[in-house]
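Novice: Protein chains in written order, with the numbering used here: chain S, 2 to 213; chain G, 2 to 213; chain V, 749 to 1204; chain F, 749 to 1204.
Ideal Cβ positions, reconstructed from N, Cα and C, are used throughout, including at glycine.
Attaching a single structure in structure tokens format; questions to follow.
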Amino acid sequence: MTDLQPLYEAILEGDAATAKATVQEALIESIDPQELLDKFMIPAMDEVGRRFETNEYFVPELLISARAMKGALELIRPKLADKGAKPIAKVVIGTVKGDLHDIGKNLVAAMLEGGGFEVIDLKVDVSPEQFVQTAKEQGAQIIAMSALLTTTMPGMKATVDAVNNAGLHDKVKIMIGGAPVTQRYADEIGADGFSENASAAVRLARQLVGAE
Amino acid sequence: MTDLQPLYEAILEGDAATAKATVQEALIESIDPQELLDKFMIPAMDEVGRRFETNEYFVPELLISARAMKGALELIRPKLADKGAKPIAKVVIGTVKGDLHDIGKNLVAAMLEGGGFEVIDLKVDVSPEQFVQTAKEQGAQIIAMSALLTTTMPGMKATVDAVNNAGLHDKVKIMIGGAPVTQRYADEIGADGFSENASAAVRLARQLVGAE
Amino acid sequence: MAIGLAITNLDEFTYGKSPKPIKCGRGVEIGNGRVIPEINFTLPPIDINPETWPEVLRQYSEMITGICERAVALGSSGILVEVETLPPMTVNPSWGVEVSRLVADKLDYYYEKRQLHSAFRLTPNDTREHQRPPRMRSGMYWDGMKEFFERSGEAGADLISIESTGGKEINDIALMDADVHALVFALGIIAPRDMEFLWREIVDSCKRNNVIPAGDSACGFANTAMVLAEQRMLPRVFAALVRIASVPRSLVAFEQGAVGPSKDCAYEGPYIKAITGSPISMEGRTAACAHFSSVGNISQAVCDCWSNESVQNVRLLSGYAPTVSMEQLEYDCRLLNVASQTPEDGRKMRDWLVASDSSHDPQAYVLRPDVVMRISKTMIEEDTPYLRVRAGLRCGLAEIRSAISANQLTLPVTEMKWMDRLYRQIDSLPNDETEFIEMMLPKLADAPWIPSEYGF
Amino acid sequence: MAIGLAITNLDEFTYGKSPKPIKCGRGVEIGNGRVIPEINFTLPPIDINPETWPEVLRQYSEMITGICERAVALGSSGILVEVETLPPMTVNPSWGVEVSRLVADKLDYYYEKRQLHSAFRLTPNDTREHQRPPRMRSGMYWDGMKEFFERSGEAGADLISIESTGGKEINDIALMDADVHALVFALGIIAPRDMEFLWREIVDSCKRNNVIPAGDSACGFANTAMVLAEQRMLPRVFAALVRIASVPRSLVAFEQGAVGPSKDCAYEGPYIKAITGSPISMEGRTAACAHFSSVGNISQAVCDCWSNESVQNVRLLSGYAPTVSMEQLEYDCRLLNVASQTPEDGRKMRDWLVASDSSHDPQAYVLRPDVVMRISKTMIEEDTPYLRVRAGLRCGLAEIRSAISANQLTLPVTEMKWMDRLYRQIDSLPNDETEFIEMMLPKLADAPWIPSEYGF
Ligand SMILES: [Zn+2]
Ligand SMILES: [Zn+2]
Ligand SMILES: [Zn+2]
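Take a look at the structure:
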């Protein structure tokens, strides 16, 4: 029988090829995919998250592990029972209208994906209407916005207002971030959460959907 | 006939004794008090103000000139026709509730007096009610408040509100100042003016009552 | 009885080193070779009441966390943290204790988990001036202060300081009129009397609580003059004299048992260090967030701690202002400490700091280490605060005068006439303290003070 | 064709002096012996639209007035003022011109009335990245930029700079993955192509308008990496390599006719100065208001202007933040200029600035003047930006590696494994640029860029 410890190691080290190969072998041997997920893959990503939180891992390492996880997950998802395979929640993400600075947003998106969220990335310069419409159409639970410029921050308030006006705020939580953004600003405009950086954003998203 | 140039010089130099002596001699010689005021005393104080504005004079020099002016004014006031003898306006001044820092307030009070205002000084730790009541009783045209602490600034808003609630704001202008106070804060709470320092306060007061 | 200077050799009067270093807190040594950053922070505009209290605590937590994280990231070898409470926290000491404890606990945490060395200076307010005329030795304000001193151990303080205000009610009058006699009465007669009373109490309380009595600041006296001079309300040369006049008053704390580091905003610190040998905290260009000054570099010349004075928790582009100050202070200290690896180089750096400011302003000039030593010497040859103030003013004005003649100091034209005015006022101070008091009491009959609160 | 370094003697590579000094503005000389403060400022959060425009102007007026008043009060011998516009002011150049003109007029006023020497650096935005994928050579954004450059004289600018972004769309990807090949493609291949196009345009426009083309900043590339490293998102050693890789790109501006001072946030400045001899502006501890860094002191070692990067017009206890920065910069410059009154002493100060940071972080280490000179030399021995980047990375990593071995640099344990990873990636860069391009193009087929905008 296939030794499965290499699956754990492969995800931890971001070795997508080995991760996929190991999963394939295991499936051929009819090992329960749920067991693969629960005993090796999720623990590996937990360890990646722990290392990132404690500054042992940097973003590139986190991203590469997240990609290995994603690759392995794509192989077992069709074989899985419902439980455990669904994303934690859907997140619609983008930078606000007028703001083209997306590196922070990209980080958050990648880390949310690695953390088990489904991410719908509207990229940059997203209008309040686009946020609202996509969240509605996709049945998202979270809208995540970033702004790097103080001049584009008002786009956050406009989006919160649009969500409120669409009567959507009871279904969707709104989280914001970016260099000039503060908790106080989040409170002021009626956003549900603010995160100081990309790693805190995943924790915040979990809290917002009650997954933590 | 008395040479009156020394009156001008005495006020400019803050020599109260000479100023009073010159005025008394002039009155004995039945020189028109209005002329004393218009041709010598007011020009002297204007020059004091100019020197202060251009940093040739410091506060102590301004105060001592203001005192010489006041002494001379007390002598001629009873002899004057109405015109020109009345103060520009009445100002009720104090530091706000909870704030005991009065050096800035004292400066503004002294400079307003030297600038021809009548100043009713409520000293420190003045409640909104005291400001309102005094302004009403004395028929003041201006309420001037200062706060040195960010923690006592809310007293300014409370006072503006009290003036509004008393229906007094159409008769009284409100000006504020102090280290943490800003124009934005003044706008926010509905004050009529803000001044960065004591010399600007006199200009502001004049503008507020339309004397400039 | 004349005493001698603790530092008698100009070569040994430099930053980072003092004859009487202090060990305190979690592995911090002050005055033992390295300059330590002293970081201060306060709330943005907020009303303090039971409803806002949770937000107040959240902000303190945010500030101290940001500071500690940055200090760790920069590999700081140790920091001194000051909390100067806001008046409601001294009036109601339970509030003050809670905020202080929060800060002390965070420092413990960062010491244990991240090996950050730190000490904690707690500075309650002198709330006695919250009534006019102030009552100095009884009443609710004094009771609150006494209680807070007594609970300083419980609050987690390693050091206690204060910016006390005894005599300020007369000093305020003196400043408005640039009146030397009133100034001398405030700083030479009544302030020292209050300092003796207050600091006996503080030192006793510190002994009971195993807390270090650090020192006082003449902030309300001399820094008020400095800020007014900066706004061109007062002549700079007068503000320089106010600084000198504040020394004998601040010295009283040390005579009562304070050991330093003297408070950051006490720009009289170099005098205290020369006279007592205790380490001092100073502030300058890094305190521009709190007030502008003309002593931004020279203030650093003989410091043992280097401070930002105070900054509000407002957001800047990089992060919160207290974290920004932490970074600036750490870099400044790094530079000083690298430069002082040999005594000669340390003196070179000190002398550059001095030379960069000392000719621009008499307030800077009277912080020159050599000038400080000369003026200090004439002061401590006298036995009483009154005579020390008088001697200091005479010597200080003479130093300024000769510096101007020697082109070592430029004074704005508008101030030149003040040299003579001030000289005449200083010159007319009597030899006899009792004579001076009898001369002043009637003049101050209408002033907002209670003579009996000063033992008259 | 290999060129030589403009500065070949380490002793002559110091602050305040550069081989090619610049006279500009109202009596300002840069790189001619004295370090000049460069003060920057921007709006607090505010939406820019016709309704808020009067408030925008009021704020700029408030900021520049506070700055000039403080500079006069401190007796500054001259200041460089930078306005980096906000994007709407470049999209709509009439707004940008109005704000700039307001600032220039204030500077004229203070020159005439208060004898304040000053020069004005105007930095329009590179708004081309405001669409994804960016169009670099046509379209409304480029039209706005061209118009703004052309109106720089009317706007009152003495110097023009920009933080251009050609290649940033690929660099962003490189940073996320710490991918050296993508990094080299961004900074060694496409960024230099855009720089050549852009700076030819800027220099031509400057000639027509009698404005000095000053220089570019790799801010969006290398400072993004620096900030991410500071947040522990990226390894510091990688960020150090990004800094080195940005040099050949920024050099292109000078090849096209820029003469300095290089922009404050261009930490590649020391390389530019060593190679071209042009003066540079730098920022460090005084820019903590804009971003934290691990190069707070060393960044000052060879600067000609010393900057605060940017600060919003928020209120601090003393006054507005731009005025606070002005004071801090002026004191820092005073100290540097006093220290450099003899060349030996200037080098001593430089070396302390260097020593205080260089062992803490590879990003600081690669700013050591001697290291800068060695890496610069290997770079300019190559003829093309690609080969220069490759040579710089090789040399830089070798320098870091030997510094670690020699205990001149400490690297966190978590970064040690990155040394080998980065080495392998650098080592696999081919000799032949065409080969490299052909290798990369397919890999970047899905990336958000338009190859034809870079002449492919
Ligand atoms: Zn103070
Ligand atoms: Zn303080
Ligand atoms: Zn930049």
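Counting only Cβ-Cβ distances shorter than 7 Å, please list the residues of the stretch 868-890 of chain F near chain S, keeping chain order.
Specialist: Cβ contacts with chain S come from 877, 878 and 880.
Novice: To the nearest whole angstrom, what separates the beta carbons of residue 1007/V and residue 961/V, a pair I think is in contact under 8 Å?
Specialist: Correct: roughly 7 Å between the Cβ atoms.
Novice: Check whether the stretch 834-849 of chain V touches the stretch 794-802 of chain V, taking contact to mean three or more Cβ pairs, one atom from each stretch, closer than 8 Å.
Specialist: Flag = yes, the stretch 834-849 of chain V and the stretch 794-802 of chain V touch.
Novice: May I have a chain-ordered list of the alpha helix (DSSP H) segments no shorter than 4 residues that lie completely inside the stretch 1056-1111 of chain F?
Specialist: Complete alpha helix (DSSP H) runs here, min 4: 1069-1087 and 1091-1105.
Novice: Taking 8 Å as the CB-CB limit, is residue 111/G close to chain F?
Specialist: Chain F, which has no Cβ nearer than 8 Å to the Cβ of residue 111/G, makes this no.
Novice: Is the separation between the beta-carbon of residue 997/V and that of residue 882/V shorter than 8 Å?
Specialist: Cβ distance not < 8 Å, so residue 997/V and residue 882/V don't count as in contact.
Novice: List the DSSP bridge partners of residue 77/G.
Specialist: Note: residue 77/G sits in no beta bridge, so no partner.
Novice: Beta carbon of residue 971/F: closer than 7 Å to some heavy atom of ligand 1?
Specialist: Flag unset: Cβ of residue 971/F not near ligand 1.
Novice: By Cβ distance below 7 Å, which residues in the same chain neighbour residue 766/V in space, the five residues on each side in sequence not counted?
Specialist: So the list reads 779, 1021, 1025, 1026, 1027 and 1052, once near-sequence residues are dropped.
Novice: Using the beta-carbon of each residue, which ones in chain G are nearer than 9 Å to residue 931/V?
Specialist: What residue 931/V touches in chain G: nothing, since even the nearest Cβ is about 12 Å away.
Novice: Give a yes or no on whether 8 Å exceeds the smallest Cβ distance from residue 152/G to chain V.
Specialist: Closer than 8 Å to some Cβ of chain V, the Cβ of residue 152/G qualifies, so yes.
Novice: Does the CB of residue 94/G have a neighbour CB from chain V at under 8 Å?
Specialist: Residue 94/G does not count as touching chain V.
Novice: With H, G and I counted as helix, E and B as strand and the rest as coil, what does DSSP make of residue 896/F?
Specialist: Helix.
Novice: Does any residue of chain G bring its CB to less than 8 Å from the CB of residue 1065/F?
Specialist: Chain G, which has a Cβ nearer than 8 Å to the Cβ of residue 1065/F, makes this yes.
Novice: Fully enclosed by the stretch 94-132 of chain S, which alpha helix (DSSP H) runs are 4 residues long or longer?
Specialist: Entirely contained in the stretch 94-132 of chain S, the alpha helix (DSSP H) runs reaching 4 residues are, in chain order, 104-115.
Novice: Rounding to the nearest angstrom, what Cα-Cα distance links residue 1064/F and residue 1083/V in this structure?
Specialist: Approximately 26 Å between the Cα atoms of the pair.
Novice: Kindly indicate if chain F contains any beta-carbon less than 8 Å away from that of residue 818/V.
Specialist: Chain F, which has a Cβ nearer than 8 Å to the Cβ of residue 818/V, makes this yes.
Novice: Roughly how many angstroms separate the alpha carbons of residue 219/S and residue 180/S, rounded to a whole number?
Specialist: As displayed, chain S neither begins before 2 nor continues past 213, which places residue 219/S out of reach and without an answer.
Novice: Could you tell me the alpha carbon to alpha carbon distance between residue 122/S and residue 92/S, rounded to whole angstroms?
Specialist: Rounded to whole angstroms, residue 122/S to residue 92/S spans 8 Å at the Cα level.
Novice: Okay, do the stretch 1132-1147 of chain V and the stretch 972-983 of chain V touch, 3+ Cβ pairs below 8 Å being the bar?
Specialist: The stretch 1132-1147 of chain V vs the stretch 972-983 of chain V: no contact.
Novice: Return helix, strand or coil for residue 174/S, following the three-state DSSP convention.
Specialist: It is a strand residue.
Novice: Going by beta carbon distance, what residues of the same chain come within less than 8 Å of residue 759/V, once the five residues before and after it are set aside?
Specialist: Correct list, in chain order: 1091 and 1095.
Novice: Would the beta-carbon of residue 1073/F be found less than 7 Å away from any heavy atom of ligand 3?
Specialist: Every heavy atom of ligand 3 is 7 Å or more from the Cβ of residue 1073/F, so no.
Novice: Reducing DSSP to helix, strand and coil, say where residue 866/F ends up.
Specialist: Strand.
Novice: Touch check for the stretch 892-902 of chain V and the stretch 863-872 of chain V: three-plus C-beta pairs under 8 Å?
Specialist: Result yes; three or more Cβ-Cβ pairs closer than 8 Å.
Novice: Taking only beta carbons into account, state which residues of the stretch 1029-1047 of chain F come closer than 9 Å to chain V, listed in chain order.
Specialist: Within the stretch 1029-1047 of chain F, the residues whose Cβ lies closer than 9 Å to some Cβ of chain V are 1032, 1033, 1034, 1035, 1036, 1037, 1038, 1039, 1040, 1041, 1042, 1044 and 1045, listed in chain order.
Novice: By how many angstroms is the C-alpha of residue 1049/V removed from the C-alpha of residue 1097/V?
Specialist: Residue 1097/V and residue 1049/V: Cα-Cα distance of roughly 8 Å.
Novice: Report all residues from its chain with a CB closer than 7 Å to the CB of residue 931/F; omit the five preceding and five following residues, and keep chain order.
Specialist: Excluding sequence neighbours, residue 931/F sits near 919, 922, 990 and 993.
Novice: Hey, could you find the ends of the beta strand (DSSP E) residue 772/V is sitting in?
Specialist: Run containing residue 772/V: 765-772, per the beta strand (DSSP E) assignment.
Novice: Count the other CB atoms within 10 Å of the CB of residue 749/F; is the residue buried (16 or more) or exposed (fewer)?
Specialist: Unreliable placement is indicated for residue 749/F, whose pLDDT of 43 sits below 50; the coordinate value is still reported in the next sentence. Its Cβ having fewer than 16 others within 10 Å, residue 749/F is exposed.
Novice: Tell me, please, which residues DSSP counts as bridged to residue 843/F.
Specialist: DSSP output for residue 843/F lists no bridge partner at all.
Novice: Return yes when the Cβ of residue 769/F is within less than 8 Å of the Cβ of residue 777/F, no when it is not.
Specialist: Yes. Within cutoff.
Novice: Could you have a look at residue 749/F and say whether DSSP puts it in helix, strand or coil?
Specialist: Residue placement at residue 749/F is poorly supported in this model, since its pLDDT is 43, which falls under 50; the coordinates still yield a value, given next. Here residue 749/F sits in coil by DSSP.
Novice: Just to make sure I have the definition right: I need the residues of chain V whose C-beta is within less than 8 Å of the C-beta of residue 1104/F. Which are they?
Specialist: Neighbours of residue 1104/F on chain V, chain order: 1079, 1082, 1083, 1085 and 1086.
Novice: From the DSSP output, read off the bridge partner residues of residue 1143/F.
Specialist: Answer is none; residue 1143/F lacks a bridge partner.
Novice: Out of 771/F, 839/F and 916/F, which has the shortest C-alpha to C-alpha gap to residue 868/F?
Specialist: Selected option, being the one with the closest Cα: 771/F.
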